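Inspection log for the structure reproduced underneath, given as structure tokens.
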Ligand code: 9MR
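Residue numbers (mature numbering (1 follows the signal peptide of the UniProt record, and there is no 0)): -19 to -1, 1 to 376.
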């Protein structure tokens, strides 16, 4: 039972702690300032100039990011995820359901997960993601058919004739895309029914992932080394046969700015289009570094769209060198807003996917030691200023 004295002590502690904190919008720093430099819960200290810093609210946004994207005419705002995350029992799941209209299975549909032994297919991980999407009417981005990474040993280190590898790709892409074809179609029917959307072909596949080196040459892997560039049309044709309604994409990073890699991708799209190969979209991964969002992101999107394909931001995150400071978080907000604004300004940019929404599951700290805080939600699922940047970008 709470006695008067424990209540009084708690109250006193609360008052003392509160007194040591600047209130939301209150001053929290600046030359000559002697007051509290920590901010009330739900706000961060932001430097306006050398003489004045104040406590900005962490997030003023109350609109789910998917609703903001759809209000701006986009199809979705989504996130990468896998079942180990949404079944972990903590706050991941409710936020995930509230905020996002699209899911990309982060790893569970890749080759090593779906065909670990040649001809032996396992879909459990991907099925769990699709089942969730169907239940909550979220769009699915199939990911991926042909990628140099996350492929099984038998494939990566195998020696194949042209005919053999052609058949291997056809079987893999055909079986993988075919497995999800019917399921995603049923889901689309619900989507149209409940949301009065005017399109059916909302499921997309990243059929080819990361085919180029940064200098625009083709990546050396079992696919290119055996089949030259023909592995691209082989995979696209197989995916198209398995699901004629799917939007088929090629996805890559460092094509978000002018340079040899973007040029190589544009030339590939032109070649495929000229040959009548089914290609509907280019995925711009957008794994960015703080303060380095390309100035020409919108221009690049427009250039891809001019080739007759749609574009999507497929793996957005914006990493910083740790520890995060208020200044860095505010810069990150501006950076997220820049990316979203670019997509918002391009009608053929259909949607945005972030590469997981919480720093708790971000790939960044393990891939770039000393860096992190790349997602719009922090380790404890609190919205960061980046969240407001996203909402502002769609405004
Ligand atoms: O997020 C993915 C991480 O869990 C994997 O360990 C990593 C390596 O396979 O791949 C990460 O996702 C990558 C994506 O599949 C392709 N674009 C780059 C992403 C970050 O590496």
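Where is the CB? At the ideal position from N, CA and C, for every residue including glycine.
Computed from a predicted structure; not experimentally measured.
| request: Using the Cα positions of residue 64 and residue 94, report the straight-line distance between them to the nearest angstrom. | output: For residue 64 and residue 94, the distance between alpha carbons rounds to 13 Å.
| message | Distance check for residue 204 and residue 368, CA to CA, integer angstroms please. | response | The alpha-carbon atoms of residue 368 and residue 204 are separated by roughly 39 Å.
| query | Does the region 224 to 232 touch the region 182 to 200, meaning 3 or more C-beta pairs lie closer than 8 Å? | reply | As far as the Cβ criterion goes, the region 182 to 200 touches the region 224 to 232, which means the pair count is three or higher.
| Residue(s) in a DSSP beta bridge with residue 275 | None, per the DSSP bridge assignment.
| query | Is residue 374 helix, strand or coil by DSSP? | reply | Judged by DSSP in its simplified three-state form, residue 374 adopts helix.
| task | Answer yes or no: do residue 296 and residue 338 have a C-beta to C-beta separation smaller than 9 Å? | result | With contacts defined by Cβ atoms closer than 9 Å, residue 296 and residue 338 do not form a contacting pair.
| request: State the beta-bridge partners of residue 281 as determined by DSSP. | output: Partner residues in a beta bridge of residue 281, as assigned by DSSP, do not exist.
| Looking at the structure shown, is residue 86 part of a helix, part of a strand, or coil, going by DSSP? | It is a strand residue.
| query | So, is residue 6 buried or exposed, given that buried needs 16 or more other C-beta atoms within 10 angstroms? | reply | Residue 6 is exposed by the Cβ-count criterion.
| said: Ignoring anything shorter than 3 residues, give me the beta strand (DSSP E) runs that lie fully in the region 44 to 85, in order along the chain. | reply: Listed in chain order, they are 57 to 62.
| query | Count the other CB atoms within 10 Å of the CB of residue 218; is the residue buried (16 or more) or exposed (fewer)? | reply | Answer is buried; the Cβ neighbour count reaches 16.
| query | The beta strand (DSSP E) with residue 228 in it runs from where to where? | reply | In the DSSP annotation of this structure, the continuous segment of the beta strand (DSSP E) that includes residue 228 starts and ends at 228 to 233.
| query | If we call anything under 9 Å between Cβ atoms a contact, is residue 371 one with residue 61? | reply | With respect to residue 61, residue 371 sits apart: the two C-beta atoms are not nearer than 9 Å.
| What does a CB cutoff of less than 7 Å around residue 349 pick up in its chain, not counting 5 residues either side in sequence? | Cβ neighbours of residue 349 beyond the five flanking positions: 300.
| If we ignore side chains and look at the alpha-carbon of each, how far apart do residue 35 and residue 357 end up? | Between residue 35 and residue 357, the alpha-carbon positions lie close to 21 Å from each other.
| message | Please report the straight-line C-alpha distance between residue 198 and residue 342, rounded to a whole angstrom. | response | Those two C-alpha atoms are separated by around 32 Å.
| Does the beta-carbon distance from residue 267 to residue 190 come in below 9 Å? | Not closer than 9 Å, so no.
| query | Where residue 354 and residue 144 are concerned, what is the direct C-alpha to C-alpha distance, given to the nearest angstrom? | reply | A direct Cα-Cα distance of roughly 46 Å separates residue 354 from residue 144.
| said: Applying the 10 Å Cβ sphere with the 16-neighbour rule, what's the burial state of residue 314? | reply: Classified as buried, residue 314 has 16 or more neighbouring CB atoms from the shown chains inside 10 Å of its CB.
| message | So, for residue 84: in the same chain, excluding its five sequence neighbours on each side, which residues have a beta-carbon less than 8 Å away from its beta-carbon? | response | For residue 84, where only same-chain residues beyond five positions count, the Cβ hits under 8 Å are 59, 60, 61, 62, 110, 113, 114, 119, 120, 121 and 122.
| request: Report the option in 239, 260 and 73 whose CA atom is closest to the CA atom of residue 275. | output: Nearest of 239, 260 and 73 to residue 275, Cα basis: 239.
| Can you name, in chain order, every residue of its own chain whose Cβ lies under 7 Å from the Cβ of residue 104, other than the five neighbours on each side? | Once the five neighbours on either side are set aside, the close Cβ partners of residue 104 are 95 and 160.
| query | Between 193, 67, 152 and 279, which lies nearest to residue 129 when the distance is taken from Cα to Cα? | reply | When each option's Cα is compared against that of residue 129, the closest is 193.
| field | Residues bridged to residue 33 (per DSSP) | value | Its beta-bridge partners are 30.
| task | Report the three-state DSSP secondary structure of residue 150 (helix, strand or coil). | result | It is helical.
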